[in-house]
Structure formats: structure tokens, C-alpha cells
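K.L.:
Top line first, the protein sequences correspond to chains Y and V.
According to the numbering used here, the first sequence holds residues 5 to 117 in order.
According to the numbering used here, the second sequence holds residues 945 to 1197 in order.
Here a beta-carbon is modelled for each residue, glycine too, at the ideal position from N, C-alpha and C.
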Amino acid sequence: MHELSLVSSMLDTVANAMPPGTCLAEVRVTLGPLCGVSPDALEFCFIELARARGYPAARLQIARTNSRAKCKSCGHSYDLSQFDVVCPECGTLDRSIESGREFTLDSIEVEEA
Amino acid sequence: MCEACGCENAQSPRTSPPGEHGRDHADAHVHRHGHDRTAIPIGAEVLAANNRIAETNRALLKSKGLYAVNIMSSPGSGKTTIVEYLARRFGDAMAVIVGDVQTRRDAERVIRAGSRSVQIETNGACHLDAHSVEHALERLDLEGCKLLVIENVGNLVCPSSYDLGEHEKIAILSLPEGDDKVLKYPSLFHRANVLLIGKIDLAPYMEFSVDKAVNECRSLNRSVAVFRVSAKTGEGMDDFCGYLAAKAGIIVA
Chain Y
5 MHELSLVSSM LDTVANAMPP GTCLAEVRVT LGPLCGVSPD ALEFCFIELA RARGYPAARL
65 QIARTNSRAK CKSCGHSYDL SQFDVVCPEC GTLDRSIESG REFTLDSIEV EEA
Chain V
945 MCEACGCENA QSPRTSPPGE HGRDHADAHV HRHGHDRTAI PIGAEVLAAN NRIAETNRAL
1005 LKSKGLYAVN IMSSPGSGKT TIVEYLARRF GDAMAVIVGD VQTRRDAERV IRAGSRSVQI
1065 ETNGACHLDA HSVEHALERL DLEGCKLLVI ENVGNLVCPS SYDLGEHEKI AILSLPEGDD
1125 KVLKYPSLFH RANVLLIGKI DLAPYMEFSV DKAVNECRSL NRSVAVFRVS AKTGEGMDDF
1185 CGYLAAKAGI IVA
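#1: Report the residue ranges of all alpha helix (DSSP H) runs contained in full by the region 10 to 83 of chain Y; include only those spanning at least 4 residues, in chain order.
#2: So, is V/R1083 buried or exposed, given that buried needs 16 or more other C-beta atoms within 10 angstroms?
#3: Which same chain residues end up closer than 7 Å to V/Y1029 when comparing Cβ atoms and leaving out the 5 residues on each side of it in sequence?
#4: Would a C-beta distance cut-off of 7 Å place V/A1039 and V/L1072 closer than the cut-off?
#5: Of all Cβ atoms in chain V, is any one closer than 7 Å to the Cβ of Y/E114?
#6: Give, in chain order, every residue of the region 68 to 85 of chain Y whose Cβ lies closer than 7 Å to some Cβ of chain V.
#7: On the three-state DSSP scale, how would you describe V/A954?
#8: Take Y/K74 as the anchor and find which of Y/A61, Y/A62, Y/H6 and Y/V89 has the nearest alpha-carbon.
#9: Excluding five sequence neighbours on each side, which residues of the same chain lie with their C-beta closer than 6 Å to the C-beta of V/L1119?
#10: Distance cutoff 7 Å, beta carbons only. Does V/E989 sit that close to anything in chain Y?
#11: In the DSSP assignment, the beta strand (DSSP E) including V/G1142 goes from what residue to what residue?
#12: I need the DSSP call for V/A972, collapsed to helix, strand or coil.
#13: Closer than 9 Å by beta-carbon distance: list the chain Y residues that pair up with V/A983, in chain order.
#14: Under DSSP, the beta strand (DSSP E) around V/G987 begins and ends at which residues?
#15: Starting from V/N1014, follow the beta strand (DSSP E) in both directions and report where the run begins and ends.
#16: DSSP puts V/V1027 in a beta bridge; with which residues?
#17: What's the gap between the Cα of V/E1179 and the Cα of Y/A54?
#18: Within its chain, find whatever has a CB closer than 6 Å to the CB of V/D1123; leave out the 5 residues flanking it on each side and keep chain order.
#19: List the residues of chain C whose Cβ lies closer than 7 Å to the Cβ of Y/A21, in chain order.
#20: Determine, using beta carbons only, whether Y/F50 comes closer than 7 Å to chain V.
#21: By DSSP's criteria, V/K1191 is part of a beta bridge. Which residues make up the other side?
#22: Do you know whose CA, among Y/E30, Y/V41, Y/Y59 and Y/S71, lies nearest Y/Q86's CA?
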């Protein structure tokens, strides 16, 4: 459940970004399929921790991305949603992962309190 | 409390029926938040703070001439037994940071085996992060050390997401865990620089295909270095110690 510490660090960044006198309405994040974060667990932790930090109405918007890999055997580039997806051209797993590990805090929306 | 935005400032009475809340929200409450939303871009890696501290740790280790490895595996896979073996071999040339949820047992074992060690008790956290390692480094006397071993909390999932400032990641898969674990926990094995197949002395009693585990790991990660070891019998440990000594520049007498 490392999602709890991820949400905690996320909310630290959010607190620093919020102008005084505003309340938090929405937090937008992007999750790559290989970043090792469960969207369900993230949402669960967010609801609990946001309430505890005084943002009871804040919502979490999760955008999902694809992962892009380049096969080290045949050079083919392909999308994958999990680690065990083999290269559709040659059937091997060894590849450089070009994207899909990202977990970014993109933006927040605030309202005047 | 305002039911639309949840803020604590709403002073009833509400004048609009609940169904219309939001449409004429500015008039609905005595307080004025109006629900004009402002978007504020952030665009930061959530682990950016951790990664910054990890880079600081790496720079500190480099300035002191230390080579650092982060050992990750399941609980009970033999991390500390392997580290004890290394402590008997490397003594004062090695320092160890040990992470566990609770107790100082592992640090005490490492110290008894001959290396200096500090314990991080995470009090519930399932992994070490760069910040906890930064503070552990403040408590460690690194004088004369060439090799820093960070023994992570026993867990095949969460530790793999956190850069601690190490130079290499070492994954251990021991025979009793089963030969199917690499693809079940791919994130950790994908990122490992070294794979130790542990408790290899149990091979006669286990239906564990070393080839299957190694091939699955190599399929994810072609350049992984593999050692088959038993810290109990010493099998394979000379090779592994030689590998670490070469990386850390330790001259073994």
C-alpha cells in the first residue's frame, strides 16, 4: 500500500500550490500502466487522506496512458499494458521501455473559499 | 458544510432546492465562493521529491567513494543471512542500512557479523524511501567504507518504485518462494541489475527450475547478472562477493 505515501506526498505539493483562501476541488494525475501504482488504491487513499487534510470535497481525476516499448531483438515498437506483453513481431520480452512508468501530478482546480 | 464543494464556510439557509444546487450556487449560500474554478498547472512527477533526495544521496556516496546496492526481496528470502555473510567477508569495508517495519534485529545481526549497521524502522511503511536513507546515512560512520548495502523492507512490490540513491538494485529469489515469481512481480525483476537465486542448497528438495526463473528474468532484462548462492553453505558466494568487491573497489586479502 505505498499509494498512501504517494498520496501524502502529492497532497504536500498540492498544499504548496494552492493560493490562500481557496478550497481544493480537483486533483488531476496521469498514471502509466507500468508505474506500479494501483488506480483503485490511489483513489481510496486519496479520499481518506484528502478528508483528513481538510479537503473533503476534492476529487481525483486519473488519466491513464499507454506504455510504449521498443523490442531489443527486432527493433519493433509496440504498446503494452502490462510487463508480460511480448513483442507482437518476434515474441520476445526484452525491450527498452520508452514510456508507461510516469506518475505525474498534472494540475489542480481550486475554488474561492 | 457546503454539499457542492465540501468547504466548511457555507452558512445555511440554502435558498435553492438541492436539485438546483450549482446552477445558481452563488446565490444559494450566504458565503461567496461562487464555484468559479481556477485551474493551476503543476506538472510534477509525484516521486520528484524522492528522486531529488536520491540524487543527493548518490552524490554524497560518490564524494565518499562508496558504491551502494539496494537489496530487495520477499520477507524470509534470506536477505539478512546473505548480508551477514558479506559482513563476515568485508567487515569494516562495508556499512549496512537495514529496513524493517519494526525491531532492530537485523542491524544487530549485521553488527555481530562484523560490519557497522543502522536500522530504519519504518513503523508501517512497506518500503524504504530516499528520505529515510538520507537520515540513516547521517547516523552511519562511513569512514573507511567502500560498499554500502541497503537491505530494503521485505516486499516484492513497493520497494521497486523508489530510487534510494543506490548504484545497483539486487533482487533475491529464493528456492522456497517458487520459480514462477519473476513474471508475477515483474517491476522489481525488470529493474534489477543483479539476480541472486538464493537458498540454492535446497535444490534437491525443491521443485524449482532455476533455468525457468533465470530465463524469465533475462527475458525482461537481458543484461541482469545472475548468481546462484547459498549463504548457509557458501555455495556461489565467492563469485558474488568478487562481483561486489570489484564494483566497490575493495581489495580482498
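P.N.:
Reading it off the structure:
#1: List check, alpha helix (DSSP H) in window: 43 to 56.
#2: Note on V/R1083: under 16 other CB atoms within 10 angstroms of its CB, so exposed under the neighbour-count rule.
#3: A1175 and M1181
#4: no
#5: One detail in the question is off: residue 114 of chain Y reads as Val in this sequence, not Glu. Cβ-Cβ to chain V under 7 Å: yes for Y/V114.
#6: Taking 7 Å as the Cβ-Cβ cut-off against chain V, the residues of the region 68 to 85 of chain Y that qualify are K76.
#7: Confidence at V/A954 is low in this model, with a pLDDT of 38, below 50, so its placement is unreliable and the value that follows should be read with caution. V/A954: coil per DSSP, three-state reduction.
#8: Y/V89
#9: K1143, L1146, M1150 and F1152
#10: yes
#11: The continuous beta strand (DSSP E) containing V/G1142 extends over residues V1138 to G1142.
#12: In this predicted model, V/A972 has a pLDDT of only 34, less than 50, meaning its place in the structure is not dependable enough to derive any value.
#13: E30, R32, S111, I112, E113 and V114
#14: R981 to E989
#15: Y1011 to M1016
#16: BP columns for V/V1027 are empty, so no partner.
#17: 51 Å
#18: F1152, S1153, K1156 and A1157
#19: Going by chain labels, chain C is absent from the structure shown, which instead holds the protein chains Y and V.
#20: No, Y/F50 does not count as interfacial toward chain V.
#21: Beta-bridge pairing links V/K1191 to no other residue.
#22: The shortest C-alpha separation from Y/Q86 is found at Y/S71.
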